[in-house]
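The numbering used here numbers the first residue of the sequence shown as 13 and each following residue consecutively. Quick notes on the structure that follows.
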Amino acid sequence: MKKILSLVLALALALSLGAAALAEDKPVINLWTTGSQNVADLFNALIAKYNALPEAKTEVKLQFLLSGTGDEGMLSRVSSAYLAGQKDTEFDMIAENTASLQSYIDEAKSEDIFLTLDFDQMPNYQNVTLKPSMLQDKVVPYRGTTVVFAYDAERIPEDQLPHTWEELTQWIKDHPGRFAYNEPTTGGAGSAFVRTAVYRFIEDKSSYVSNDPKWADEWDTGFAWLAEIHPYLYKSGGNVVYVAKNQGTLDLLINQEVDLIPAWADQVLANIEKGTLPASTRMYQLDDAALTGTDVSMALLSIGKAGEAAYDFMNFVISPAGQKIALENMKAIPVINPELIDSADKDLVKDLKVENFAFMSIGTLGDVFNERWNEEIMTLK
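Quick look at the structure:
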């Protein structure tokens, strides 16, 4: 009997050690991303859920860099490692606005900075309806997002809303101090506003998806418009202030210091749900040039060590379970049919149609744009 008991205990110990060894053998995947805190919150939730799955084939770790402090650093670090010929680095996987990936290609001087994907290893991809806006064989969209104009309907009646850029110009002048946009280098809402404001004056719309320096010669009219509205924007202490980060302008709207702002749709919805923005908050676009939106994608970096091991996590993120987390945590626009998602929150995003998104990708020309804004607009008195 003692021998049998000893044998059973030994077998149990062996099985437990074997299971532990299998757990320890899971490859570790580093996921790099940047943005506002809500992006970190989303991936923390996705990763926690995935890592807890018994069938998970990898262990994912988040490497997050806050927008305005880390996005340029992430670009330079990844591209520098690629240009130096480094392999098997900690840069395994990236999640980024698809339009922003052009900057990585520009810096690396090659699309090969990203791996070509094997979509057969991601069976849930067959349900993805939001296809990539670029790099179709190298990225997997996991959410949609767009910048909109946000306002409180109790403070701006619908019949007083501006619906064209010309009407917006007059509205800003007629309501001094009641419009604001964040400093473009600190958040995508302000960036989308100033770039759309400038590029709407360029007749050739191929400029929206080009990094050709020639387009910088056609920015003058748009920058003159930004200078024109400058004196009528939000002020603090008697001076025009461009607040930092996307949440900065939302805070101004929350505190009723301004009435109209450009903002990310998902952040507006999240603030409404939390009660920090009133239920009377509305979102809309101007009729003659909508603010830009994008698919937000995952891509595998060729300098990483992950390789095929990352497919399992990517497949989870685009599953109904993963999309439910994205919808409920971030109010993200799903990349699959919302009817596949078991969540009441899908009604919140039903009017945000991805087919109506305006798309812009100007690569490293965006750095030149930001420098000019800093020199010509930020310095205005």
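Idealized CB from N, CA, C, for every residue including glycine. Values in this document were obtained by computation on a predicted structure and should not be read as measured data.
Residue of the options minimising C-alpha distance to residue i
{"i": "phenylalanine 76", "options": "Gly85, Lys69, Thr70", "result": "Gly85"}
{"i": "leucine 264", "options": "Gly250, Asp278, Tyr246, Val252", "result": "Tyr246"}
{"i": "alanine 111", "options": "Ile184, Ala96, Leu43, Tyr220", "result": "Tyr220"}
{"i": "aspartate 37", "options": "Glu123, Glu71, Phe328", "result": "Glu71"}
{"i": "glycine 319", "options": "Lys99, Val160, Lys358, Phe235", "result": "Lys99"}
{"i": "serine 248", "options": "Arg89, Glu269, Gly234", "result": "Glu269"}
{"i": "aspartate 354", "options": "Ser331, Asp229, Val160", "result": "Ser331"}
{"i": "leucine 303", "options": "Gly202, Val90, Glu123", "result": "Gly202"}
{"i": "phenylalanine 371", "options": "Asn139, Val159, Ile125, Asp132", "result": "Val159"}
{"i": "glutamate 351", "options": "Leu74, Asn139, Tyr62", "result": "Asn139"}
{"i": "leucine 364", "options": "Phe328, Leu65, Ala277", "result": "Ala277"}
{"i": "isoleucine 125", "options": "Ala239, Ser91, Val329", "result": "Ser91"}
{"i": "glycine 305", "options": "Pro39, Thr208, Asp224", "result": "Thr208"}
{"i": "proline 225", "options": "Phe381, Leu43, Asp132, Met295", "result": "Phe381"}
{"i": "lysine 358", "options": "Leu281, Ala291, Leu313, Lys317", "result": "Leu281"}
{"i": "tyrosine 296", "options": "Pro39, Gly250, Phe369", "result": "Phe369"}
Contact under 8 Å by Cβ, residue i with residue j
{"i": "aspartate 106", "j": "alanine 338", "result": "First, the amino acid is wrong: residue 106 is isoleucine here, not aspartate. No, Cβ-Cβ distance for isoleucine 106 and alanine 338 is not below 8 Å."}
{"i": "threonine 376", "j": "aspartate 118", "result": "yes"}
{"i": "leucine 360", "j": "lysine 336", "result": "no"}
{"i": "histidine 187", "j": "leucine 392", "result": "no"}
{"i": "lysine 185", "j": "tyrosine 137", "result": "no"}
{"i": "alanine 57", "j": "asparagine 349", "result": "no"}
{"i": "leucine 129", "j": "aspartate 149", "result": "yes"}
{"i": "alanine 165", "j": "proline 274", "result": "no"}
{"i": "asparagine 194", "j": "lysine 286", "result": "no"}
{"i": "phenylalanine 235", "j": "arginine 384", "result": "yes"}
{"i": "glutamate 388", "j": "alanine 228", "result": "no"}
{"i": "proline 174", "j": "tryptophan 183", "result": "yes"}
Integer Cβ distance of residue i from residue j, believed to fall under 8 Å
{"i": "proline 135", "j": "leucine 142", "result": "Contact doesn't hold; Cβ gap of about 17 Å is too wide."}
{"i": "aspartate 324", "j": "alanine 68", "result": "7 Å"}
{"i": "arginine 155", "j": "valine 347", "result": "6 Å"}
{"i": "methionine 146", "j": "tyrosine 254", "result": "In fact, because the Cβ distance is near 30 Å, the residues do not count as touching under 8 Å."}
{"i": "tryptophan 405", "j": "valine 210", "result": "Because the chain spans 13 through 393 in this model, residue 405 falls outside it and cannot be assessed."}
{"i": "alanine 322", "j": "isoleucine 41", "result": "5 Å"}
{"i": "isoleucine 345", "j": "threonine 157", "result": "6 Å"}
{"i": "phenylalanine 55", "j": "leucine 65", "result": "Going by Cβ atoms, the distance from phenylalanine 55 to leucine 65 rounds to 16 Å, so no, they are not a contact pair."}
Close Cβ partners of residue i (< 7 Å) along its chain, the five nearest in sequence each way excluded
{"i": "leucine 34", "result": "Below a pLDDT of 50, predicted positions are generally treated as unreliable, and leucine 34, at 46, falls in that range; the measurement from the model is reported next regardless. Contacts found: none."}
{"i": "alanine 93", "result": "Thr101, Phe103, Ile315"}
{"i": "aspartate 300", "result": "Thr176, Trp177"}
{"i": "glycine 82", "result": "Residue placement at glycine 82 is poorly supported in this model, since its pLDDT is 49, which falls under 50; the coordinates still yield a value, given next. Cβ neighbours of glycine 82 beyond the five flanking positions: Thr46."}
{"i": "aspartate 379", "result": "none"}
{"i": "leucine 95", "result": "Ala120"}
{"i": "proline 144", "result": "Thr110, Val151, Pro153, Asp307, Ser309"}
{"i": "tyrosine 62", "result": "Ala68, Val72, Phe325, Phe328"}
One or two residues paired with residue i in a DSSP bridge
{"i": "proline 153", "result": "Ser309"}
{"i": "lysine 247", "result": "Val252"}
{"i": "isoleucine 168", "result": "DSSP lists no partner for isoleucine 168."}
{"i": "glycine 47", "result": "Leu78"}
{"i": "arginine 294", "result": "Tyr163"}
{"i": "methionine 105", "result": "Leu43, Leu312"}
Beta-carbon contacts of residue i that lie in its chain and below 6 Å, excluding the five residues immediately before and after
{"i": "arginine 167", "result": "Asp271"}
{"i": "glutamine 259", "result": "none"}
{"i": "methionine 326", "result": "Met134, Val152, Met310"}
{"i": "glutamine 114", "result": "Ser373, Gly375"}
{"i": "isoleucine 59", "result": "Val72, Leu74"}
Chain B within 8 Å of residue i, Cβ atoms only
{"i": "methionine 134", "result": "This model lacks chain B altogether, as it is built from one protein chain only."}
Chain-order list of residues whose beta-carbon lies under 8 Å from that of residue i (same chain, five-residue window excluded)
{"i": "asparagine 283", "result": "Leu262, Ile266, Leu289, Thr293"}
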